[in-house]
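Below is one structure; the comments refer to it alone.
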Amino acid sequence: LLSALVIGIACSFIRIPALERFFLYGKTWIERIVSRVLIPFLPLYILGFLLKLRAEGMFSCLIEQYGAAFLMIIGLQVLYLAWFYFAASGFSMQRAWKAIQIALPSYITAFSTMSSAAAIPVSIKSAEQNTGNRELASVAMPIMANVHLLGDSIVTPVLAMVTMMVFQGIFPSFVQYISFVFYFCMTMFAVSGVPGGGILVMIPILKSQLGFTSEMVNVVMTIYFLLDGFGTGANVMGDGALVMIVNKC
Numbered sequence: 002l003l004s005a006l007v008i009g010i011a012c013s014f015i016r017i018p019a020l021e022r023f024f025l026y027g028k029t030w031i032e033r034i035v036s037r038v039l040i041p042f043l044p045l046y047i048l049g050f051l052l053k054l055r056a057e058g059m060f061s062c063l064i065e066q067y068g069a070a071f072l073m074i075i076g077l078q079v080l081y082l083a084w085f086y087f088a089a090s091g092f093s094m095q096r097a098w099k100a101i102q103i104a105l106p107s108y109i110t111a112f113s114t115m116s117s118a119a120a121i122p123v124s125i126k127s128a129e130q131n132t133g134n135r136e137l138a139s140v141a142m143p144i145m146a147n148v149h150l151l152g153d154s155i156v157t158p159v160l161a162m163v164t165m166m167v168f169q170g171i172f173p174s175f176v177q178y179i180s181f182v183f184y185f186c187m188t189m190f191a192v193s194g195v196p197g198g199g200i201l202v203m204i205p206i207l208k209s210q211l212g213f214t215s216e217m218v219n220v221v222m223t224i225y226f227l228l229d230g231f232g233t234g235a236n237v238m239g240d241g242a243l244v245m246i247v248n249k250c
């Protein structure tokens, strides 16, 4: 990933058409494999894992252990979005509430479809209303739908810490957590344009940085997909606040 970022930045200044075509061709095929082979089978995998938990009598335990985590994750997303819109509206409660009401249809669309891409037409319209800048909304919202992953940035770290506490009885040390956050932020660049790929690319990071076992990864994947609608909705709502800030700059 570090090499990819360096090469990508370099190619922004030094144009090599043949190299660009090669990378774009590779990107297209990787996205096809992930989107058409891995992602479609994930729901079946999650179903099998849930049936396994039920057969072993662990399903109710999982609900008890992660019930509070569900509420905490959704609560953090709501608080963060409220603050984001409050700041984007010039710290005016009235303007922030009005902007949230305008952006709410994009959240509902993203939540119901679990796809930021599917919500783009609605999110563009909401952003246009909140900014009064049609050109910016049309350009920025499709871009941010891929790279501004607010929901994943709340869901995955919280799930990781809760899972460590449930299985190992400890939280990561400060140094260990900072290392995890660094690799997490770097890895999020790899899911640009890959629907549902956020948790897939995180598996090696969870294992190498936090010492996750296969069972711990399975649990995180299951909870992640149960929360995917909320995370996708937070992504899109966050895009709406960010484009308001960009419009003022």
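The sequence shown maps to residues 2 to 250 in the numbering used here. Every residue, glycine too, gets a C-beta built ideally from N, C-alpha and C.
To the nearest angstrom, how far is it from the Cα of residue i to the Cα of residue j?
i	j	result
Glu136	Met238	19 Å
Cys250	Ala69	39 Å
Phe42	Ala119	20 Å
Asn134	Asn248	8 Å
Ser93	Val148	28 Å
Ala97	Ile75	19 Å
Ile103	Ile155	23 Å
Phe231	Tyr108	9 Å
Phe85	Arg22	38 Å
Tyr26	Leu20	10 Å
Val176	Met166	17 Å
Asn131	Gly152	21 Å
Ile34	Lys28	10 Å
Met187	Leu207	13 Å
Pro106	Phe112	10 Å
Gly49	Phe87	42 Å
Ile17	Leu77	44 Å
Lys53	Val220	11 Å
Gly9	Pro205	23 Å
Met263	Ile224	Residue 263 lies beyond the stretch modelled for the chain, which goes from 2 to 250, so this question has no answer here.
Ala242	Ser127	10 Å
Ala252	Ile64	Residue 252 lies beyond the stretch modelled for the chain, which goes from 2 to 250, so this question has no answer here.
Trp30	Phe24	10 Å
Looking at the secondary structure, which residues open and close the alpha helix (DSSP H) in which residue i lies?
i	result
Ile179	Phe175 to Met189
Thr164	Leu151 to Gln169
Phe213	Taken as a continuous stretch (DSSP letters only), Phe213 belongs to no alpha helix (DSSP H), as it is neither H nor E.
Leu137	Arg135 to Val148
Leu243	Asp229 to Lys249
So residue i and residue j are in contact, right, with Cβ under 8 Å, and what is the actual spacing, rounded?
i	j	result
Asp240	Ala146	6 Å
Glu129	Ala141	Contact doesn't hold; Cβ gap of about 10 Å is too wide.
Ser90	Ala100	5 Å
Met115	Thr233	5 Å
Ala161	Leu227	Ala161 to Leu227, Cβ: 16 Å. No contact.
Thr157	Met203	6 Å
Phe168	Met217	5 Å
Pro143	Ile179	About 32 Å; that fails the 8 Å criterion.
| field | Length at least 4, wholly inside the stretch 91-128: the alpha helix (DSSP H) runs in chain order | value | 94-114
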